[in-house]
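One structure is given here, and the rest of the page talks about it.
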Amino acid sequence: MRIGLYGGTFNPPHLGHMAAARSVAQALELDRLILMPDNIPPHKPLPEGSATPVQRLEMTQVMADRLSNGQTRFVASDLELRREGRSYTAHTLEELRRAHPEDELWLLMGTDMFLTLHQWYHPELICKYAHIAAFGRTQAGEEGFAEQTARLEREFGAVVRVIPLPERFVVSSTQLRDALRAGGGQELLDQGVYGCILRHGLYGVGKDLKRLSLEDLRAASCSMVKARRLPHIRGTETEAALLARRWGASEELARKAAILHDCTKYWSAEEQLQSCEKYGIVLDQMERSMPPLLHAVTGAQVARSVFGMPEEVCQAIRSHTTGRPGMGLLEKILYIADYAEPSRSYAWCERLRELVVEDLDAAVLYGLNVTIAHNRDRGNPIHPRTLETREWLLAEGVREEPVG
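Going by our numbering, the first residue of the sequence shown is number 476, and it counts up by one from there.
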């Protein structure tokens, strides 16, 4: 297996880092690329106002997740954060070599790092444990790269490959941090990384989380979920907005509910239960035994306590998985939008999309019946609230359409 290591402060990780990682991984045909924030940089101290190591790791994990949609698997590692003292590359590569004795290791680095590699701590060990992949910003520095390549080959027996990168990938971390403090810089960041910065108030970005614009709310939500979930969340927002216009609900509140409805989807069962305990949320027996149901509960609480959403939005998030007798208009809209958004491709979706334009309540009942049939076919338990919601709609005289 061919493994790359790309380390740095990642303070913060930006589109330049992502472009370099993607380009070099493709050029080297890497099977895996490890993105590793350092703990204490050996070359120069972190500037005042930097993110903590844990926060830089979180942003790096978001970056790795966003990159991992191709052949190469990108992963973030806390190896250097777990090690005390300065983060020397020689020590890191020594550990990676022990863990991967038969694999081909490549150390990725930018221009400045490459041209000073012979001055690093134990460069002979670095060149022993890994090949060197240097990515240059332009073709202009070919002479300097050639001289350094010859030096490393001659003095340390290094295997070096230089991979040119287009100038448009150049991003200065210092200038980016300055831009963030001044209220800009978002265009140089992945949306999820910017969402982390927003949620933690990093680099002088002190926006009130309870008064975020829709664009910033999307970024904050994006930072809390996996990349593979984003098409669903975006589709749910689009569908919720359309339904709000069709049925006379607030489009803004529908969008906010959709943006946040899965924000705790990827919390562990332990995190879900801890959150419920923290906020005094009483769970029923099925919710305790089926953690996948809990993201609706904790998501509603996060919407309320972190993002200051009105109760109408929180209730819509709370009932979007099971329904609820007495559901309000926004609840019904989110419930259907979650089912009918464009990326859903189940056979029954087309009929649901047709039905919701004609009769919102009939569409909700249809969605409940789909859920009930799906779980019964697989021998799964059905939440009592789903059954109660179905009976409530039937008692209200809602038209029931058979599930095909």
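No residue lacks a Cβ here, since even glycine has one placed at the ideal position from N, Cα and C. All values reported here derive from a predicted model rather than from experimental measurement.
Minimum C-alpha distance to residue i - residue among the options
{"i": "residue 676", "options": "852, 759, 525, 598", "result": "525"}
{"i": "residue 781", "options": "696, 502, 632", "result": "696"}
{"i": "residue 706", "options": "817, 760, 800", "result": "817"}
{"i": "residue 685", "options": "766, 735, 652, 720", "result": "735"}
{"i": "residue 722", "options": "857, 529, 808, 590", "result": "808"}
{"i": "residue 503", "options": "701, 636, 774", "result": "636"}
{"i": "residue 659", "options": "640, 630, 691", "result": "691"}
{"i": "residue 632", "options": "606, 646, 653, 859", "result": "606"}
{"i": "residue 625", "options": "640, 645, 592", "result": "592"}
{"i": "residue 576", "options": "779, 549, 604, 556", "result": "604"}
{"i": "residue 864", "options": "596, 846, 645", "result": "846"}
{"i": "residue 805", "options": "819, 820, 789", "result": "789"}
{"i": "residue 867", "options": "849, 667, 668, 840", "result": "840"}
{"i": "residue 747", "options": "732, 718, 777, 584", "result": "777"}
{"i": "residue 517", "options": "680, 595, 849", "result": "595"}
{"i": "residue 678", "options": "665, 649, 662", "result": "649"}
{"i": "residue 645", "options": "657, 629, 664, 860", "result": "664"}
{"i": "residue 590", "options": "850, 566, 620, 682", "result": "620"}
{"i": "residue 638", "options": "654, 825, 496", "result": "496"}
{"i": "residue 539", "options": "479, 574, 558", "result": "479"}
{"i": "residue 493", "options": "600, 709, 544", "result": "544"}
{"i": "residue 654", "options": "720, 787, 680", "result": "680"}
{"i": "residue 588", "options": "627, 827, 498", "result": "627"}
Residue i and residue j closer than 9 Å at C-beta
{"i": "residue 570", "j": "residue 554", "result": "yes"}
{"i": "residue 673", "j": "residue 694", "result": "yes"}
{"i": "residue 878", "j": "residue 844", "result": "yes"}
{"i": "residue 509", "j": "residue 562", "result": "no"}
{"i": "residue 815", "j": "residue 793", "result": "no"}
{"i": "residue 482", "j": "residue 506", "result": "no"}
{"i": "residue 608", "j": "residue 547", "result": "no"}
{"i": "residue 521", "j": "residue 486", "result": "yes"}
{"i": "residue 884", "j": "residue 579", "result": "Lying before the first or after the last residue shown, residue 884 is absent from the chain, which here runs from 476 to 879."}
{"i": "residue 511", "j": "residue 535", "result": "yes"}
{"i": "residue 739", "j": "residue 769", "result": "yes"}
{"i": "residue 532", "j": "residue 551", "result": "yes"}
{"i": "residue 610", "j": "residue 586", "result": "yes"}
{"i": "residue 856", "j": "residue 784", "result": "no"}
{"i": "residue 713", "j": "residue 750", "result": "no"}
{"i": "residue 813", "j": "residue 711", "result": "yes"}
{"i": "residue 876", "j": "residue 822", "result": "no"}
Cβ neighbour criterion (16 or more within 10 Å) applied to residue i
{"i": "residue 832", "result": "exposed"}
{"i": "residue 564", "result": "buried"}
{"i": "residue 755", "result": "exposed"}
{"i": "residue 472", "result": "As shown, the chain starts at 476 and ends at 879. That puts residue 472 outside it, with no answer to give."}
{"i": "residue 741", "result": "exposed"}
{"i": "residue 757", "result": "exposed"}
{"i": "residue 869", "result": "exposed"}
{"i": "residue 615", "result": "Summary for residue 615: the model assigns pLDDT 47, below 50, so the residue's position carries little reliability, and this model does not support an answer."}
{"i": "residue 803", "result": "exposed"}
{"i": "residue 489", "result": "buried"}
{"i": "residue 765", "result": "exposed"}
{"i": "residue 830", "result": "buried"}
{"i": "residue 598", "result": "buried"}
{"i": "residue 779", "result": "buried"}
{"i": "residue 670", "result": "buried"}
{"i": "residue 743", "result": "exposed"}
{"i": "residue 688", "result": "exposed"}
{"i": "residue 842", "result": "buried"}
{"i": "residue 753", "result": "exposed"}
{"i": "residue 667", "result": "buried"}
{"i": "residue 775", "result": "buried"}
{"i": "residue 602", "result": "buried"}
{"i": "residue 737", "result": "buried"}
{"i": "residue 529", "result": "exposed"}
{"i": "residue 574", "result": "exposed"}
{"i": "residue 657", "result": "exposed"}
{"i": "residue 820", "result": "exposed"}
{"i": "residue 519", "result": "exposed"}
{"i": "residue 652", "result": "buried"}
{"i": "residue 491", "result": "buried"}
DSSP bridge partner residues for residue i (one or two, in chain order)
{"i": "residue 609", "result": "584, 637"}
{"i": "residue 483", "result": "512"}
{"i": "residue 478", "result": "507, 580"}
{"i": "residue 551", "result": "510"}
Any non-hydrogen atom of the ligand NAD within 8 Å of residue i CB
{"i": "residue 852", "result": "The model depicted lacks the ligand NAD and carries no ligand whatsoever."}
Where are the alpha helix (DSSP H) runs, 4 residues long or more, that stay fully inside the segment 831–864, in chain order? 835–852, all fully within the segment 831–864.
Taking only runs that begin and end inside the segment 689–766, name each unbroken alpha helix (DSSP H) of 4 or more residues, in chain order. 689–697, 705–722, 726–735, 744–753, 760–764
What residue ranges within the segment 767–816 form continuous alpha helix (DSSP H) runs of no fewer than 4 residues, ordered along the chain? 769–780, 786–793, 804–815
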